[in-house]
Every structure is written in structure tokens, then in C-alpha cells.
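Worksheet: the structure to be examined is printed underneath.
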Amino acid sequence: MTQQLNTQVFAYAKQLADSAFKAQSVALKGLEKVAELQIKALEKQAEAAAEFISEAFETRDIDGLRALWEKGAAASRENAERAVAVTQEIIAVTQKTAESLSALAQEQQQAANDAVAAPVAAVKKAAAAAGK
53 MTQQLNTQVF
63 AYAKQLADSA
73 FKAQSVALKG
83 LEKVAELQIK
93 ALEKQAEAAA
103 EFISEAFETR
113 DIDGLRALWE
123 KGAAASRENA
133 ERAVAVTQEI
143 IAVTQKTAES
153 LSALAQEQQQ
163 AANDAVAAPV
173 AAVKKAAAAA
183 GK
């Protein structure tokens, strides 16, 4: 009886560790994707800022300043649009990661239910057989 209980506890602990490892892997992949998106957005913003600053240093007259003003407004709008797009992508990645973690949790719960139900069914079957 003790051996059977130890075997069941060990199997459940192994299953729990495997599920935790899978969950960690899913979470890390999601974080990696989010970091990648943020780094790409930061690179694009840095390139745009460097280009704008370079043009600002080359401005020599009022017409150049007007053109720079328009470019600055356009750059601000593009940066805002890029930020919104990256945020939407990050939300999508986060949602997909959450769905994957939820599926793993449901899988773990079903496995735990099955692990508990199997010995109970065996005991009921044995009791029914003994009662005949």
C-alpha cells in the first residue's frame, strides 16, 4: 500500500515538474518575443532621431527650419504609430502566451483528475468483484 502511494506521489510530482518546465518555457518564449519587438522599435526610433538630429545640424536658414519642423511633426506621428503597432503586437504575444499557459494548466488539472480517478475506479471495481 505504501509503495503504491509512493509511486503515485512520485508520478504526480514528476508530472507537476514537467508541467512547470513547459510553463516556464512558454513564458520565456513570450518574454523573448516581447523583448525582441521592443528592441526593434527602439532601434527604429533611434535611427529616426539620429536622422532628424543630423538634418537639424545641417539647417542654415528659415526655409530649412520650416522643412525641419514639418519633418519633426511627421517623425513624431510615425513614432506614435509605430508605438501603437508594437503595443498591439505585444498584446497579441501576451494573449497567446496566456492561452498557452491556460492550456497547460487545464492539461495538468485533467491529468491530476485522471490520476485520482484511476485508483478510485480500481477500488470500486475490486469492491464490486468482492461483493459478488
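Here our numbering = 1-based position in the sequence shown + 52. Ideal Cβ placement from N, Cα and C applies to all residues, glycine included.
| field | Coil, strand or helix - THR59 by DSSP | value | helix
| CB contact flag (ALA137, ALA100, <8 Å) | no
| query | At what residue ranges does the stretch 70 to 147 contain a whole run of the alpha helix (DSSP H), taking only runs of 4 or more? | reply | none
| request: Would you mind sorting GLY1 into buried or exposed? The rule is 16 or more other CB atoms within 10 Å of its CB. | output: Beyond the ends of the chain as shown, which are 53 and 184, falls residue 1; an answer cannot be given.
| query | Is it the case that the Cβ atoms of ALA174 and GLN60 are separated by a distance below 8 Å? | reply | no
| In whole angstroms, what is the alpha-carbon distance linking LEU120 and ALA132? | 18 Å
| request: Would you mind listing the alpha helix (DSSP H) stretches within the stretch 147 to 178 that are 4+ residues and don't spill past its ends, in chain order? | output: none
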